[in-house]
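Structure first, then comments.
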Amino acid sequence: MAKIIAITGANKGLGKAIIEKIIQEAPEFDVVLMTSRNTERGFRTKGELEMKYGKQSRLHYQQLDVTSLESIRNFAEFVQKTYGHIDVFVNNAAIYSKTGQFTIDIVQSTLDSNFYGLVNVTEVILPLMRENGHIINVSSRMGSTQCIPDPEIAERFLSDYLTREELFRLAHDFLEGTRAGNWVARGWPTQAYSVSKVLVNGYTRVLDRELRDRRIKVKVNSVCPGHLRTDMGGPSAPFSVDEGTITPMIMIKYTGEESGRFWYNGGVQEWA
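Heads up, the sequence shown is in the UniProt record's numbering, so the first residue is 1 and it goes up one at a time.
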């Protein structure tokens, strides 16, 4: 049976770099399915990679906008009809506002892409995940609960008893606080991206526990690639995009049993 890997947000930056590394270093994958929100840019990137590495029969493309339920369902239907399953799914698509502003529109769009979109696409593709498959959530050390001023909120995230319902209540409270203009009084930081990644790291732990309880043999881990010189990270970031692929590639090729963990700098790190 063919081995399939799919990655979201793969038309530029880290996503594109990971695709290149898979082409070069992971021949075990028969299909490398790259996705992007913008179809034109996605096919352009696919063409660039084929020019660089030769016509890649295993490099495939399908449109996927993680903020659109219709797009997610169309993607899942395509995967089901074309391949029947996925072995490794990399949730890489994300946005980061560099305007310096903090508004409800920025917070909503950031959470829609980075958290709600990630959750929605994961839930829809989960039935397509092959046994012993791996879901990899690209996250960040900025998603540490240390960014949250209120220790009670931080403890709710770190609780071993964190549930899906509690996680979504926390996300809702951050949004409502921003909408009402009292997010600081509620104990939240003025950092949409960081909170979105705290939520992703929390979701990784929650989903891992749910899968174990349901005896579903699929791993899920979060991975921080580091602060990279990309459109998102900016030109002064300390690491190149090539360096940023190191830990994600360890995860992509990982055959161990660790799940529900946070990975950085080549290994498991305690999330706090």
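Using N, Cα and C, we set each Cβ at its ideal position, and we do this for glycine too.
Here the structure is a predicted model, which means the values were calculated and not measured.
Name the residue from Ile148, Lys253, Trp271 whose alpha carbon lies nearest to the alpha carbon of Arg205.
Against the sequence shown, residue 205 aligns to sequence position 205. The closest CA to that of Arg205, considering only Ile148, Lys253, Trp271, is found on Trp271.
Segments assigned alpha helix (DSSP H), at least 4 residues, entirely inside the stretch 141-166:
Whole alpha helix (DSSP H) segments, 4+ residues: 151-158.
Does DSSP put Val241 in a helix, a strand or coil?
What you label residue 241 is simply residue 241 of the sequence shown in a count that begins at 1. Looking at Val241 - three-state DSSP - the assignment turns out to be helix.
Within the stretch 39-119, note down every full beta strand (DSSP E) run reaching 3 residues or more, in order along the chain.
Entirely contained in the stretch 39-119, the beta strand (DSSP E) runs reaching 3 residues are, in chain order, 59-63, 86-91.
Beta-ladder partner(s) of Ser222, from DSSP:
Mapped onto the sequence shown, residue 222 falls at position 222. Residue pairing by DSSP places Ser222 opposite Asn137, Phe262 in a beta bridge.
Could you check if Lys81 is buried or exposed, using at least 16 other CB atoms within 10 Å of its CB as the buried criterion?
Translated into positions along the sequence shown, residue 81 becomes position 81. Residue environment: Lys81 is assigned as exposed (fewer than 16 neighbouring CB atoms within 10 Å of its CB, all protein chains considered).
Quick check on the burial criterion: 16 or more other C-beta atoms within 10 angstroms. Buried or exposed for Val198?
Taking the first residue of the sequence shown as position 1, residue 198 is located at position 198. By the neighbour-count criterion, in which 16 or more other beta carbons inside 10 Å mark a residue as buried, Val198 falls on the buried side.
Please identify the residue among Phe89, Ser71, Gln108 whose C-alpha is closest to the C-alpha of Tyr193.
In the sequence shown, counting from the first residue as 1, residue 193 sits at position 193. Among Phe89, Ser71, Gln108, the Cα nearest to that of Tyr193 belongs to Gln108.
Thr145, buried or exposed, once every other Cβ within 10 Å from all chains shown has been counted against 16
By 1-based counting over the sequence shown, the position of residue 145 is 145. Around the C-beta of Thr145, 16 or more other C-beta atoms lie within 10 Å, and the residue is accordingly described as buried.
Euclidean distance between Cα positions of Leu64 and Tyr53:
Mapped onto the sequence shown, residue 64 falls at position 64. Mapped onto the sequence shown, residue 53 falls at position 53. Leu64 and Tyr53 have their C-alpha atoms spaced approximately 24 Å apart.
Asp30 beta carbon less than 8 Å from that of Ile4
On the sequence shown, position 4 is the one that residue 4 refers to. On the sequence shown, position 30 is the one that residue 30 refers to. Yes.
Throw me the rounded Cβ distance for the Val241 and Leu14 pair, which I believe falls under 8 Å.
Sequence index remark: in the sequence shown, residue 241 carries index 241 (1-based). Sequence index remark: in the sequence shown, residue 14 carries index 14 (1-based). Contact flag correct, Cβ pair sits at about 6 Å.
What span of residues does the beta strand (DSSP E) with Gln191 cover, start to end?
Translated into the one-based positions of the sequence shown, residue 191 becomes position 191. Taken as a continuous stretch (DSSP letters only), Gln191 belongs to no beta strand (DSSP E), as it is neither H nor E.
Can you tell me whether DSSP reads Gly181 as helix, strand or coil?
Within the sequence shown, the letter at position 181 stands for residue 181. Three-state result, Gly181: coil.
For Pro248 and Asp173, the rounded distance between their alpha carbons
Mapped onto the sequence shown, residue 173 falls at position 173. Mapped onto the sequence shown, residue 248 falls at position 248. Using only the alpha carbons, I get a separation of about 31 Å.
Got a sec, what are the start and stop residues for the alpha helix (DSSP H) Leu14 sits in?
Position 14 of the sequence shown, counted from the first residue, corresponds to residue 14. Here the alpha helix (DSSP H) through Leu14 covers 13-25.
Counting C-beta neighbours from all protein chains within 10 Å, is the total for Asn11 16 or more, i.e. buried, or is it exposed?
For the purposes of this step, residue 11 is taken as the residue at position 11 of the sequence shown. Result: buried.
Go through its chain and collect everything with a Cβ distance to Phe43's Cβ below 7 Å, but skip five positions before and after it.
Taking the sequence shown and counting its residues from 1, the one referred to as residue 43 is at position 43. In its chain, beyond the 5 residues on either side, Tyr61 have a beta carbon closer than 7 Å to the beta carbon of Phe43.
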